[in-house]
Amino acid sequence: MTTTRFLLTALALATCTLSATAFPPIEEVPAHRVRLRVTTVDGEVPAETLSLTWQMGTAAEQVTTVGDQWSDWLSSSPDLVAKELDRYPNKNNRYWQMRTLVTLRGKNPGSALGLEVESAIANHEGQKTPALIWGNTVGLMLWKDDAGGLHIDTLAGHGRRVYSDALRAAVLPPEERPKQIFFGERYIGGDTDLIAWNEGVDRLVSMGFNAMHPLPEPVVETVRKGGVAKVWGAVYNPPGYAFNFAEDRPQIFADFARKMAEGAYKAGWTREDIAFWVTSDEPGWYYPAKYEEFNADPLALAAFHGYLRAQGLSPQDLGAESWEAVRFIGRNDHDDLPGRRLFYWSNRFFPWASSRFFAEVTRAYEAEMGDGIPIMVNFNNFLGRLYQAGPVGNNRDKESPNAAMGQHDWLEFGRERGSTCIATEDWFGDAQAGQWSFYAARLRAAARFHNEQFGALVIPRTSGQRPGGMPQKILSLVGNGAKSIKFFTFGPEYNFPGNCYSEVRDVFVPLSRSMQLVARSEALLFPGVAPVPRTAILTPQSSQLWDLQEQEIAKGLLDVTNTNLVRRHMPYMTETFGLYTAFQHQAIPVDMVDELGLHDGSLAVTRLLLVTAPDLPDESREGMLRWVESGGTLLLTAGAGAHDRYNQPTSQLDAILGIRKSTLDRQVYPADPKQVATSGQLMLEGKSFELRGPRESLDVTAEANVTARFEDGQPAILESAHGQGRIVRYAFYPGTSYLLSGVSEGDGALPTGFSPAVRDHLGVVAKEAAVTMPVLVDRPMIEAPVLISERGIAVTLLNWSGDDQEEVRLTVPVDRAIGEVTSAAGTAIQVDRQTDHCIVTLDLGDVDVISLHYTNREEP
């Protein structure tokens, strides 16, 4: 989150509805003052002799309260204002707000000190507000309202006058709040006023949040009274950050997990109360610094050599005489095939070893907190890159030819059970809400290896542009199977500037509506499991190591914190998202597989496989072809499978298709997706569409089956039977062409105008591949993920068309009798129950969840 929050501060502020163009200039801050009196000490009237000293901010001036009498006034000065504005958090706040603490000098005479606080702006307003402090501070806030009016009050008073009013329409009755799917939030208090904390937490609970970050012990009672029985925790990283080869690391991790849990235990929570725990945020590392560190670490080298042996490699295979000579190398350290092998496996080792590291940390958490606890790791490489060539981010070695960034491959991380709840975050606006489905498909595939969970970090401050945006984001996640979602973070903003959504008032109601939709359908969403899709996309892995190899210092790539999946990405990576989108808009669910999955049995139920990666290991390509021979349909986009894992040419696929030679420029897309090149027009099934992205030149034999040609007569699509299956080869990027045919008008509006030619063509390919679907929708642009349990079927409807849809018709195959059918949105529905299917007809807004309950369902 750290890097992203600074990159997107401007975007986040643009979504705000408050008057918040700048922090207060010193000359605009009016003279103001405050005085106090003590009303109670632990609920009793204070002794007449009780004398307490108070101070405002960093000012030297102090006043005294005696008994329950008012103190003298503490007054601001230009020097005090200047110092307060130059201190965190005020110095980082870009809203017209200034927080100042009034501090009790000395020991608090009780566990709960009741106060009355009077604050005033010179020649303007005054305000009296109660406070109840368990520590030594009560906060004072100066702010401007939407009309530019100035106000002053305690933090509690500010919350009542600003947040309570804004959140009133977002309050959900207790029965309309989720109980089983966890929605975690955090209230960040700025003082020790129990009133401010209690009311702040209560506002979040009333919106539907049901898991809270550990709070000060005096506040826990409020949380429990509000019906919240769960707590969540987080830490930036475990011991070692992303790697730890120490021989005593099991004890290190055990001590760490115990320390993490102790804070929650001390506040009155138990291990059974823990909803989930975030143990790492955006892990990643830089090369060549890691090469240098590991080459100097005998334990890291020993682990590396063991890893290489497990791949069946010898020192000679890697250009060395002995294991002692085998060291980590970078992208510019090889000039022959053995060197390419060493480079490849050097950089595959890092994400694998880090996944193993997190797996050990996860086991330590489970030993401390109990089996089944969702241990969350959050990623920010949104296309799942394990290797990103070039000096991106904060890499200290900007001029090194070996400069690169390493992160985790999501599916490999899932294979190694790096966590029990793999997650990522959004930081994009409502126009990109559908992107969460793409992320969810990959997270779900990673989690499925060990039947674990997946989750998310949702950033509400980037949402709120349209009412349906946040509900579509949340239901894209929950409808695809997410059970634990952390929100980052309410704040308030003045306590954690640059990160919070407390000032983005337009998101409050959409957020609570999301919770309400989940609560109304939770009986089926929570136990529901997504059936494994019959269509799958390969997530490229080996290819990443060979991007931009013609550049001495690679420049142009950006995956880390880049939520635009076209901008500065390689075409073959963007194509995975484009293909997904084309199927998403036809309600065709899509699975994700990795290279190992092409030959380990993962394709058992797959009928259609889509491959964009130019580099594939030999065993992966051979396993993929065996799968085709047994009846699968393989779709290859431009350049796919033309090289082995070491980027050496291979003609196995070309020979089947009748390709003598192929030429493709392996480029990176520009920073502005609108500048992605147009490479011509193509007709498919009588419909024309514009090609976007690189185009491949194919020299084919006379026997090649060319089913479509470009305008200049060159081959565009080839097909070939292979055993009982079929291979379809495109000399372009159909998914990217489809993705870029959609245009958003801004202000969070969904992109529209997607090419029906590409979408319908890919739909025909899926139909010919005998892809079966868990639900049929009578029109495009409506996604319909399905979750199935012993209680029934939950169909989430996500309308990506941008317009309300009338009389949408769903056909849901069933193998049991269907009883009650409900709409989470409260829409009137028509139900036609048949023996083997159920037809549901309804009008659809932006999102809904249709719950089809079995008549013989198991009750919770």
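Plus 90 on top of the position in the sequence shown (first one is 1) and you've got my numbering.
Glycine is no exception: its CB is placed at the ideal position from the N, C-alpha and C atoms.
Treat the numbers as computed from the prediction; the structure is a model and nothing was measured.
- Could you tell me which uninterrupted beta strand (DSSP E) segments, each at least 3 residues in length, are contained entirely in the stretch 838-912, listed from first to last along the chain? 876-878, 882-889 and 895-903
- Query: What's the C-alpha gap between Ser710 and Tyr326?
  - Reply: 36 Å
- In chain order, what residues of the same chain lie with their CB nearer than 6 Å to the CB of Thr666, ignoring the 5 residues before and after it? Ile627 and Thr702
- Message: Within a Cβ cutoff of 7 Å, which residues of the same chain sit near Pro308, ignoring the five residues on either side of it in sequence?
- Response: Trp224 and Leu284
- Is the distance from the Cβ of Gln401 to the Cβ of Trp435 below 9 Å? yes
- Message: Between Pro617, Pro557, Ser752 and Tyr662, which has its C-alpha nearest Lys573's C-alpha?
- Response: Pro617
- Task: Determine the extent of the beta strand (DSSP E) in which Asn795 is found, giving its start and end residues.
- Result: Asn795 to Arg799
- Own chain residues within Cβ distance below 6 Å of Phe384, not counting five before or after: Ala390 and Phe418
- Task: Rank Met660, Ser527, Val153 and Asn182 by C-alpha distance to the C-alpha of Ala672 and give the top, closest one.
- Result: Ser527
- Item | For Val718 and Gln814, the rounded distance between their alpha carbons | 7 Å
- Message: Using the Cβ count rule (16 or more neighbours within 10 Å means buried), how would you classify Val930?
- Response: buried
- Going by alpha carbons, who is nearest to Phe518 out of Ile872, Ala494, Trp144 and Gly836? Gly836
- Pick from Val904, Tyr377 and His689: whose alpha carbon is nearest that of Ser953? No answer is possible for residue 953: it lies beyond the span of the chain, which begins at 91 and ends at 950.
- Query: Do you know how far the Cα of Thr129 is from the Cα of Gly200?
  - Reply: 12 Å
- Message: Tell me which residues share the same chain as Phe394 and place their Cβ nearer than 6 Å to its Cβ, disregarding the 5 neighbours each side in the sequence.
- Response: Phe439
- Query: When we look at the beta-carbon of Asn652 and count the other beta-carbons within 10 Å, is it buried (16 or more) or exposed?
  - Reply: buried
- Taking C-beta to C-beta, are Ile746 and Leu772 nearer than 9 Å? no
- Hey, would you say Ile660 sits closer than 9 Å to Gln543, going by beta carbons? It is Met, not Ile, that sits at residue 660 in the sequence shown. No. Outside cutoff.
- Message: Suppose the cutoff is 8 Å on Cβ atoms and the five residues either side in sequence are ignored; what does the same chain contact list for Val524 look like?
- Response: The sequence shown places Gly at residue 524, not Val. Result list for Gly524: Gln562, Ser566, Thr671, Gln674, Leu840, Glu873, Leu888 and Trp890, in chain order.
- Message: Need the endpoints of the alpha helix (DSSP H) that Gly321 sits in, please.
- Response: The sequence given here places Val at residue 321; Gly does not occur at that position. Element bounds for Val321: not the alpha helix (DSSP H) but the beta strand (DSSP E), Lys320 to Ala324.
- Item | Rounded separation between Lys764 and Val833 - CA only | 10 Å
- Message: When you compare the CB positions of Val902 and Val876, do they come within less than 9 Å of one another, or not?
- Response: yes
- Message: Rounded to whole angstroms, what is the Cα-Cα separation between Lys488 and Val766?
- Response: 27 Å
- Return the CA-CA distance between Glu151 and Ala386, expressed in angstroms with no decimal places. 57 Å
- Message: What does DSSP give as the partner residue(s) for Glu515 in the beta ladder?
- Response: Leu547
- Message: Let's see if you can read the secondary structure: which residues bound the alpha helix (DSSP H) around Tyr288?
- Response: Sequence check: residue 288 is Asn here, not Tyr. Asn288 -> alpha helix (DSSP H) spans Leu284 to Met297.
- Can the beta-carbon of Ala884 be found closer than 9 Å to that of Leu533? no
- Item | Coil, strand or helix - Glu775 by DSSP | coil
- Inspect the CB distances between the stretch 325-339 and the stretch 288-306 and report whether three or more fall short of 8 Å. no
- Message: In the DSSP output, what is Tyr377 paired with across the bridge?
- Response: Ala494
- Task: Could you tell me the distance, in whole angstroms, from the CA atom of Arg184 to the CA atom of Leu175?
- Result: 11 Å
- Message: Between the stretch 478-494 and the stretch 360-378, can you find at least three pairs of beta-carbon atoms closer than 8 Å?
- Response: yes
- Proximity winner among Asp426, Leu788 and Leu232, relative to Tyr736 (alpha-carbon distances): Asp426
- Can the beta-carbon of Arg189 be found closer than 9 Å to that of Leu222? no
- Item | For Asp371, the residue or residues it bridges with in DSSP | Asn468
- Arg250 - DSSP class collapsed to helix/strand/coil: helix
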